[in-house]
Each structure stands twice: as C-alpha cells, then as structure tokens.
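**Q** Number 66 in our numbering belongs to position 66 of the sequence shown; there are no gaps in the numbering. Got a structure here, written out as structure tokens. Questions coming.
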Amino acid sequence: MSDRLTQLQECINEQAGQFCNSIGVLQGSAAPCGFDTNKEMQDEPYCDLYASLIARTAKDIEIFIDSIPIEENMNDLNKEELAEANEKRKELRVNLEDAVTDGEELVLHLREKLDQIAKVQISSRPSK
C-alpha cells in the first residue's frame, strides 16, 4: 500500500508542476486579451497541450486513489500499534512542553543578566 501512496504523491507533485508550468508558459507567451476570450483561446497552442496533460494526470490520481484498499475493520495488531504510537506521542508532547517551559525560563534569565550587564556598562561610562 505504501507503494501506491508513493505513486499517488508523485502523481500529485507532477500535477502541481504541470499547473505551475502551464501558468508560467501561458503568462509568458499570452498576448493581452479583451473580453471575447473564446476566440483568442482557440489560437493558443499551449492550451490544448496543458489541458490534456492536466486532465490525464487528474485521471491517474483518481485511479491511484481508487486502487488504495479501504479496510473497514482494522485488525488488533494495527489497533495496538496505533495505541502505542499515541502513548508515545503523548509522552513526547509532555517532554516538548517541559522543554519549551525550560527554554522560556532560560530566556527570561538571560534577559535579566543582559539587562544587568547593560546597566553596569552605562554606569561605568565616564560622564562628559
């Protein structure tokens, strides 16, 4: 299944690239148009090319999505793995929150020390 997901991701990336390329090429090569764009769009050589590429890739994406198996009932092993992963995530979240709190306290302490240093430097300057 992971291979199908990788193929799907590659296909989505390809689709995004086609969108970007088509906009760039059309933007660079398109002449200013008026309000009657239907006639002008027929004369654009890249419109059909990019429209067919985008449509084909969209169909490929749809095929990949349809080929991914949907499991109605997860087996006990997957449930256990998910429960363990969730517990590990909770532990890591608590550790991260503690680290953030410690970091914030350290930043406050450093700011106090820098403030003290600045006061000492200002007071030690000779007055003019």
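Ideal Cβ placement from N, Cα and C applies to all residues, glycine included. Here the structure is a predicted model, which means the values were calculated and not measured.
In whole angstroms, give me the CA-to-CA distance for S22 and T6.
**A** Answer to the nearest angstrom: the Cα atoms are 24 Å apart.
**Q** Are the stretch 77-92 and the stretch 51-58 touching by the rule of at least three beta carbon pairs closer than 8 Å?
**A** No: the two stretches stay apart, fewer than three of their Cβ pairs being nearer than 8 Å.
**Q** Assuming I182 and I61 are in contact, meaning their beta carbons sit under 8 Å apart, how far apart are those beta carbons, in whole angstroms?
**A** Residue 182 lies beyond the stretch modelled for the chain, which goes from 1 to 128, so this question has no answer here.
**Q** Under the rule that 16 or more other beta-carbon atoms within 10 Å means buried, what is T57, buried or exposed?
**A** By the neighbour-count rule (16 or more Cβ atoms within 10 Å), T57 is buried.
**Q** State the DSSP-derived secondary structure class of S52, mapped to helix, strand or coil.
**A** Looking at S52 - three-state DSSP - the assignment turns out to be helix.
**Q** Per DSSP, what kind of secondary structure is I68 in: helix, strand or coil?
**A** The answer is coil: DSSP assigns I68 none of H, G, I, E or B.
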